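Let me begin by presenting the structure, written as structure tokens, before commenting on it.
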Amino acid sequence: MENKLKYVWAMIIVVLVNILVISIVTNLGGSVLTLSKVGSQGEEVKSIQTKLSNQGYYKGKIDGIFGSQTKSAVVSFQKAKGLTADGIAGPKTLAALGVGGSAGAQGGFSSNDVTLLARVTSAESRGEPYTGQVAVAAVILNRIEHPSFPNTLAGVIYQPGAFSCLNDGGINAPISDSAYKAARDAINGWDPSGGAIYYYNPAKATSSWIFSRPVITVIGDHRFCS
Numbered sequence: 009m010e011n012k013l014k015y016v017w018a019m020i021i022v023v024l025v026n027i028l029v030i031s032i033v034t035n036l037g038g039s040v041l042t043l044s045k046v047g048s049q050g051e052e053v054k055s056i057q058t059k060l061s062n063q064g065y066y067k068g069k070i071d072g073i074f075g076s077q078t079k080s081a082v083v084s085f086q087k088a089k090g091l092t093a094d095g096i097a098g099p100k101t102l103a104a105l106g107v108g109g110s111a112g113a114q115g116g117f118s119s120n121d122v123t124l125l126a127r128v129t130s131a132e133s134r135g136e137p138y139t140g141q142v143a144v145a146a147v148i149l150n151r152i153e154h155p156s157f158p159n160t161l162a163g164v165i166y167q168p169g170a171f172s173c174l175n176d177g178g179i180n181a182p183i184s185d186s187a188y189k190a191a192r193d194a195i196n197g198w199d200p201s202g203g204a205i206y207y208y209n210p211a212k213a214t215s216s217w218i219f220s221r222p223v224i225t226v227i228g229d230h231r232f233c234s
């Protein structure tokens, strides 16, 4: 009888522990997916307002209250970053703002990945406007998701003949500060290329094939293509 009671109590403890663990995981999961919208209040809203204010999008009080003025600022920011302009600060918008999360891995990419992406972006888009630098980084990331290319960052970058900077040594040049920022913006979802998987400078391109690709947009000296 005593052994049965011990067994019952052991089972009860196991069940309670499992319930506690599930509760903790659920709460943590909810914090990752936290979003702020009209009516929201708190420290996250203050952080959003501060970030928007620092970047010139928000002119109101940093009061932690998500009102119409904050929403308008969020919409302007989202449009500038190529995000869905719904005025809701969801995971992608928060990531683009740099609110929440950690300074470590971004979007599933390690710090080494970010550096590699920044290095190629710097070499391939030197002298281009900032939007063009982000677009180059976005093309590299778009290739990872495309069935015609390797499915890893390193695989895409080191694919033979993919990037001229690997052939002319440009990849070994110092990385510009703007390229680091461009790499992070692209990882956080900004894609000025419009989903392009190719780009070229018509004044320098030597392949006749690349000229046959449909042009999506032109930024600086680069044409971005599908």
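With our numbering applied, the sequence shown covers 9 to 234. Think of the CB as a built atom: it goes at the ideal place given N, C-alpha and C, for glycine as much as any other residue. Keep in mind that this is a model prediction, so the values were computed, not measured.
DSSP three-state call for residue i: helix, strand or coil?
i, result
"Ala-97", "strand"
"Gln-86", "helix"
"Ile-205", "coil"
"Phe-117", "strand"
"Ser-186", "helix"
"Thr-139", "helix"
"Phe-219", "helix"
"Gln-77", "helix"
"Ile-70", "coil"
Give me, in chain order, the residues of the same chain whose beta-carbon lies closer than 6 Å to that of residue i; leave out the 5 immediate sequence neighbours on both sides.
i, result
"Lys-79", "Val-46 and Gly-95"
"Phe-157", "Arg-151 and Val-164"
"Leu-36", "Summary for Leu-36: the model assigns pLDDT 36, below 50, so the residue's position carries little reliability; its value from the coordinates is reported in the next sentence. Nothing meets the Cβ criterion."
"Val-83", "Ala-93 and Gly-95"
"Glu-52", "Ser-44"
Look at residue i and residue j and say whether their C-beta atoms are less than 7 Å apart.
i, j, result
"Thr-123", "Ala-190", "no"
"Ala-126", "Tyr-188", "yes"
"Ala-97", "Ser-44", "yes"
"Ala-194", "Leu-149", "yes"
"Ile-70", "Gln-49", "no"
"Gly-64", "Ala-131", "no"
"Ser-133", "Val-144", "yes"
"Ala-88", "Asn-196", "no"
Quick one: measure Cβ to Cβ for residue i and residue j, integer angstroms, because I've assumed they're closer than 8 Å.
i, j, result
"Cys-233", "Val-226", "Not a contact, Cβ separation roughly 10 Å."
"Leu-105", "Lys-59", "4 Å"
"Gln-86", "Thr-101", "6 Å"
What does a CB cutoff of less than 7 Å around residue i pick up in its chain, not counting 5 residues either side in sequence?
i, result
"Arg-221", "Tyr-206, Cys-233 and Ser-234"
"Asn-159", "Ile-152"
"Gly-228", "Glu-136, Pro-137 and Gly-140"
"Ser-186", "Tyr-138 and Gln-141"
"Asn-209", "Asp-229 and His-230"
"Ala-81", "Leu-60, Tyr-65 and Tyr-66"
Apart from the five residues on each side of it in sequence, which residues of its chain come closer than 8 Å, Cβ to Cβ, to residue i?
i, result
"Tyr-166", "Leu-174"
Would you be able to state if there are at least three C-beta pairs under 8 Å between the segment 124–143 and the segment 189–204?
The answer is yes - the segment 124–143 touches the segment 189–204, with three or more Cβ pairs under 8 Å.
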